[in-house]
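The structure appears right after this line, and notes come after that.
Number of protein chains: 2
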Amino acid sequence: MTEYAARALLPEGLHDELPPAAEHEAAVVSRLVAVFAAHGYQRVKPPLIEFEESLTAGPGAAQGTGMFRLVDPASQRLMAVRSDMTVQVARIAATRLQKAARPLRLSYAGQVLRVKGTQLRPERQFPQAGVELIGVRSVAADAEVVLLAVEALEACGHARPVTVDLTLPTLVPAIAAALALPAALADKARDALDGKDAAELDGIPGEAGILFRGLLAAAGPADRALDTLAGLALPPAARREVQELAGLVAAIRKADPAIALTIDPGEYRAHEYHTGFGFTLFAAGVRGELGRGGRYDLVGPDGGTEEAVGFTLYVDSLLRSLPKPALPVFVYLPFDTPAAEARALRAAGHRTVAGLAPVDDAAAEARRLGCSHLYHAGAVTPVAA
Amino acid sequence: MTEYAARALLPEGLHDELPPAAEHEAAVVSRLVAVFAAHGYQRVKPPLIEFEESLTAGPGAAQGTGMFRLVDPASQRLMAVRSDMTVQVARIAATRLQKAARPLRLSYAGQVLRVKGTQLRPERQFPQAGVELIGVRSVAADAEVVLLAVEALEACGHARPVTVDLTLPTLVPAIAAALALPAALADKARDALDGKDAAELDGIPGEAGILFRGLLAAAGPADRALDTLAGLALPPAARREVQELAGLVAAIRKADPAIALTIDPGEYRAHEYHTGFGFTLFAAGVRGELGRGGRYDLVGPDGGTEEAVGFTLYVDSLLRSLPKPALPVFVYLPFDTPAAEARALRAAGHRTVAGLAPVDDAAAEARRLGCSHLYHAGAVTPVAA
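Respectively, the protein sequence lines represent chains A and B.
The numbering of the first sequence is our numbering, which starts it at 1 and goes up by one.
The numbering of the second sequence is our numbering, which starts it at 1001 and goes up by one.
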């Protein structure tokens, strides 16, 4: 490899999107944001880099270790490249849009970067898109965001089933608190439930063990899961949470009876900061999740909190899960095609490729340039492959 | 200010786009890229960060000092955040798309960052969009990109006049070479012409002085400028360049007679790397330029070059020059509006804002939430402001 070719290699986890993938990504992001907009979510666009301490505030703390850091020569302060946009949208809602009417509906889409990829997602740059519904806690708000996430995925060409997996990350803590379980035991139970470790749960004695094993057994399709949970002798606080979740399931079903809902009441990881339900979006046959969301507390400028619910879609996973986009059709225009005719073709929706010099065989030249069609004698005709 | 509010401040030159500006920016970028696509330009999307030495290769050398740098923990190599996308698109054309048919038409759009803003453009993050037409040198190719730039600006709602200012950065060197001027004198002349410094040019004796003063006098509307240039006793190489420029002007006029063209044959700065004509896009009454382009040599993997022509639009300047976007119309849906009715409204193009709880005065609630319309009794009706 020449020196230039060696230089041209990209860092691990970073890559170029080529035609037609780059256009497809942009189209999918546009479609997502258009669906958000149709539901009254207005777009905000925070910068790619900020002061590090802004990006690690509140819910950003968990992302702190994954961000690229750099010193701002202007302020001599540490900045970071965002690894998640949620914390930025929360900052905007809590500061510049503090006086905007609540509930406040915001959407976002953009690139995020992280220092290290994972085995499942080796990319270090990927596009995110999502919404936040801020300043309200209700089943109606929760249902709105879950339904919106599904609608947005489907608008991108996702055939059903998109599955929504609901979780209650606050349920195990509520049970542990009610039964006054030692913290170590509560943590053990939480990890075991999160990891679906039945053997570990078998070792937890008494009422707590029965309940935790019950949560594990409940995991599955929503209606069956709710039935199982209803049969458990849950403490009142935990019962209220389950009832709220049942209300959410009912509200989702009312709006869209066909939606595939599952419940995993013990799932916790990646939902640590949620203050109510959490949800994860999957598509049949697609490795990994397409997005994730839930209810959380947005920390305001005076330290007070606002209740909020939202989700983030992982656009790279989404793109991998969609059918390949149709290749655009290009029409070759022989050299010196009058500008007005070329304009009329484009106005009619054609993509034109102008010949820049006369050629002997226009059809051959069209094929060479990847054009499936040729403009000749006032008509667009296919060229044989 | 509280600690959080202080933390919420953004670094100098970086800012949040709020509604409706963020949506407008995205819409403008989409429209630009759609115009590029209609002319057969296919989108590529390079990563935001790369190895520093890739970003400073070839035409990127000039940008080297303006980039944020950071060390990649994975490779321990120096990376940089792009400050310009042209060099990335050139890298893609010269490596991964090396075997693609020429002429190769590529487009791009994305965010770029730079360490320091300028007085005229204090932003340190801004969106770029542009095209490269690679592997061809001809007046037809040059005319295509100039016309495309104007069409793209106009597609975003730019009323005429968008002015295209053409320059010939290679003209002064051609004259200097033909007259065997000392390098110091040639540099002085170039700077004086670039700065429109007539007094300095008056000090240049002989034939060279006459020619350089002639170039200065020629600056202005294209037809007059070409007449003035035709009257100068230019050396043959310089004359050929002027003739090529006259050909370009004629080709642009043929396709779009109404386009406002000026020529500044002495403009040089920011066109240093151009190997033929350069151009700058202005709009009446708008401070600063909307974009810039020209002909250049793309350096290939084996050190060979390809002839190319392209332009970059400065989307932030473009946005400042456009009329303010119309505010979206929102329709308030009273609590428990049936999902099917809400869906039908959105399918008809409405943006809906769902009431999440019953309210006494739906019209007042609609106004409070910034909705100009209310859905009631099966109809969308305006609410008095």
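Note that CB positions come from ideal geometry on N, CA and C, so glycine has one too.
Give a yes or no on whether the minimum CB-CB distance between residue 1092 (chain B) and chain A is below 7 Å. Start at 1 with the first residue of the second sequence, and residue 1092 (chain B) comes out as number 92. Chain A, which has a Cβ nearer than 7 Å to the Cβ of residue 1092 (chain B), makes this yes.
In terms of residues, what are the limits of the alpha helix (DSSP H) holding residue 53 (chain A)? For this step, residue 53 (chain A) is matched to residue 53 along the first sequence. It spans 52-55 - the alpha helix (DSSP H) in which residue 53 (chain A) sits, taken as one unbroken run.
Entirely within the region 131-186 of chain A and at least 4 residues each: give me those alpha helix (DSSP H) ranges in chain order. 139-155, 171-178
Sequence-distant residues of the same chain with beta carbon closer than 7 Å to residue 352 (chain A), five excluded per side: Taking the first sequence and counting its residues from 1, the one referred to as residue 352 (chain A) is at position 352. Closer than 7 Å at Cβ, skipping near neighbours: 331, 333, 342, 345, 346.
The beta strand (DSSP E) with residue 105 (chain A) in it runs from where to where? As a working note, residue 105 (chain A) is residue 105 in the first sequence. Counting along the chain, the beta strand (DSSP E) containing residue 105 (chain A) begins and ends at 104-113.
Proximal residues, the region 321-337 of chain A versus chain B, C-beta separation under 8 Å: 328, 330, 335
Pull out every residue of the region 1363-1376 of chain B whose Cβ sits closer than 7 Å to any Cβ of chain A, in chain order. 1368, 1369, 1370
For residue 1049 (chain B), which residues in chain D fall below 9 Å Cβ to Cβ? Structure shown: chain D not included; protein chains present are A and B.
Shortest alpha-carbon distance to residue 1190 (chain B) belongs to which of B:1199, B:1172, B:1100? Mapped onto the second sequence, residue 1190 (chain B) falls at position 190. Among B:1199, B:1172, B:1100, the Cα nearest to that of residue 1190 (chain B) is on B:1172.
Quick one: using the 10 Å Cβ neighbour count with 16 as the cut-off for buried, is residue 1348 (chain B) buried or exposed? By 1-based counting over the second sequence, the position of residue 1348 (chain B) is 348. It is exposed - the Cβ of residue 1348 (chain B) has fewer than 16 other Cβ atoms within 10 Å.
Residue-level contact to chain A via CB, residue 1188 (chain B), 7 Å cutoff: Locating residue 1188 (chain B) in the second sequence gives position 188, counting from the first residue. So no, residue 1188 (chain B) is outside the interface.
Nearest-angstrom Cα separation, counted from residue 1293 (chain B) out to residue 92 (chain A): As a first step, residue 92 (chain A) is located in the first sequence; it is residue number 92 there, counting from the start. As a first step, residue 1293 (chain B) is located in the second sequence; it is residue number 293 there, counting from the start. Roughly 36 Å separates the two Cα atoms.
Residue-level contact to chain A via CB, residue 1152 (chain B), 7 Å cutoff: Translated into positions along the second sequence, residue 1152 (chain B) becomes position 152. With 7 Å as the cut-off, residue 1152 (chain B) does not count as an interface residue toward chain A.
Run through the region 1005-1044 of chain B for me and flag every whole beta strand (DSSP E) of 3 or more residues, listed as ranges in chain order. none
Below 7 Å CB to CB, which residues in the same chain sit around residue 290 (chain A) once its five sequence neighbours on both sides are set aside? What you label residue 290 (chain A) is simply residue 290 of the first sequence in a count that begins at 1. 153, 281, 282, 283, 313, 314, 317, 318, 321.
Residue 1225 (chain B) versus residue 1326 (chain B): straight-line alpha-carbon distance, rounded: Here residue 1225 (chain B) corresponds to residue number 225 of the second sequence, with the count starting at 1. Here residue 1326 (chain B) corresponds to residue number 326 of the second sequence, with the count starting at 1. Distance between the alpha carbons of residue 1225 (chain B) and residue 1326 (chain B): 40 Å.
Residues within the region 25-57 of chain A neighbouring chain B, beta-carbon criterion of under 8 Å: 25, 26, 30, 33, 37, 38, 39, 40, 42, 43, 44, 45, 46, 47, 48, 49, 50, 51, 53, 54, 57
So for residue 1256 (chain B), helix, strand or coil by DSSP? Taking the second sequence and counting its residues from 1, the one referred to as residue 1256 (chain B) is at position 256. Three-state result, residue 1256 (chain B): coil.
Straight-line CA distance for residue 218 (chain A) to residue 133 (chain A)? In the first sequence, residue 218 (chain A) corresponds to position 218, counting from 1. In the first sequence, residue 133 (chain A) corresponds to position 133, counting from 1. Approximately 29 Å between the Cα atoms of the pair.
Going by beta-carbon coordinates alone, are residue 1288 (chain B) and residue 1166 (chain B) separated by less than 7 Å? Residue 1288 (chain B) sits at position 288 when you count from the first residue of the second sequence. Residue 1166 (chain B) sits at position 166 when you count from the first residue of the second sequence. Not in contact: residue 1288 (chain B) and residue 1166 (chain B) (Cβ atoms no closer than 7 Å).
Grab the span of the beta strand (DSSP E) containing residue 386 (chain A) for me, first residue to last. Since the first residue of chain A shown is 1 and the last is 385, residue 386 (chain A) is not available in this structure.
Counting only beta-carbon atoms, is residue 18 (chain A) nearer than 7 Å to chain B? Mapped onto the first sequence, residue 18 (chain A) falls at position 18. By this cut-off, residue 18 (chain A) is an interface position.
Pull the bridge partners of residue 1079 (chain B) from the DSSP assignment, please. As a working mapping, residue 1079 (chain B) is identified with position 79 in the second sequence. According to DSSP, which records beta bridges pairwise, residue 1079 (chain B) is partnered with B:1051, B:1070.
Of the choices B:1259, B:1036, B:1276, B:1271, whose alpha-carbon is the least far from that of residue 1238 (chain B)? Here the question's residue 1238 (chain B) lines up with position 238 in the second sequence. The option with the nearest alpha carbon to residue 1238 (chain B) is B:1276.
When Cβ atoms are compared, which residues of the region 1227-1249 of chain B fall closer than 7 Å to chain A? none
Check the DSSP bridge columns for residue 1333 (chain B) and list the partner residues they point to. Start at 1 with the first residue of the second sequence, and residue 1333 (chain B) comes out as number 333. Residue 1333 (chain B) pairs with B:1354.
Are the C-beta of residue 1312 (chain B) and some C-beta of chain A separated by less than 7 Å? Within the second sequence, residue 1312 (chain B) is the residue found at index 312, counting from 1. False, the Cβ-Cβ gap to chain A never drops below 7 Å.
Pair within 7 Å by beta-carbon distance, residue 383 (chain A) and residue 367 (chain A): Locating residue 383 (chain A) in the first sequence gives position 383, where the first residue counts as 1. Locating residue 367 (chain A) in the first sequence gives position 367, where the first residue counts as 1. Yes.
Would residue 1382 (chain B) count as contacting chain A if we go by Cβ distances under 7 Å? Taking the second sequence and counting its residues from 1, the one referred to as residue 1382 (chain B) is at position 382. It does not: the Cβ of residue 1382 (chain B) has no partner Cβ on chain A nearer than 7 Å.
Residues in its own chain within less than 7 Å of residue 1052 (chain B) by CB, not counting five upstream and five downstream? Within the second sequence, numbered from 1, the residue matching residue 1052 (chain B) stands at position 52. Excluding sequence neighbours, residue 1052 (chain B) sits near 1069, 1078, 1079, 1080.
Hey, does residue 1073 (chain B) have any beta-carbon neighbour from chain A nearer than 7 Å? Taking the first residue of the second sequence as position 1, residue 1073 (chain B) is located at position 73. At least one chain A Cβ lies under 7 Å of residue 1073 (chain B).
Could you give the distance in angstroms between the alpha-carbon of residue 1250 (chain B) and the alpha-carbon of residue 1205 (chain B)? Numbered from 1 along the second sequence, position 250 holds the residue referred to as residue 1250 (chain B). Numbered from 1 along the second sequence, position 205 holds the residue referred to as residue 1205 (chain B). When rounded, the distance between both Cα atoms is 34 Å.
Is there a Cβ of chain A sitting closer than 7 Å to that of residue 1006 (chain B), yes or no? The sequence position of residue 1006 (chain B) within the second sequence is 6, counting from 1. Because residue 1006 (chain B) carries a pLDDT of 48, less than 50, the predicted location of this residue cannot be relied on, and no value is offered for it.
6 Å Cβ shell around residue 1359 (chain B) - same chain, five flanking residues per side excluded: As a position in the second sequence, residue 1359 (chain B) is number 359, starting the count at 1. Here the set comprises 1365.
Exposure of residue 1258 (chain B), with buried meaning 16 or more beta-carbon neighbours within 10 Å: Here residue 1258 (chain B) is taken as the residue at index 258 of the second sequence, counted from 1. Result: exposed.
Around the C-beta of residue 1220 (chain B), are 16 or more other C-beta atoms found within 10 angstroms, so that it is buried, or is it exposed? If you number the second sequence from 1, residue 1220 (chain B) lands on position 220. It counts as exposed.
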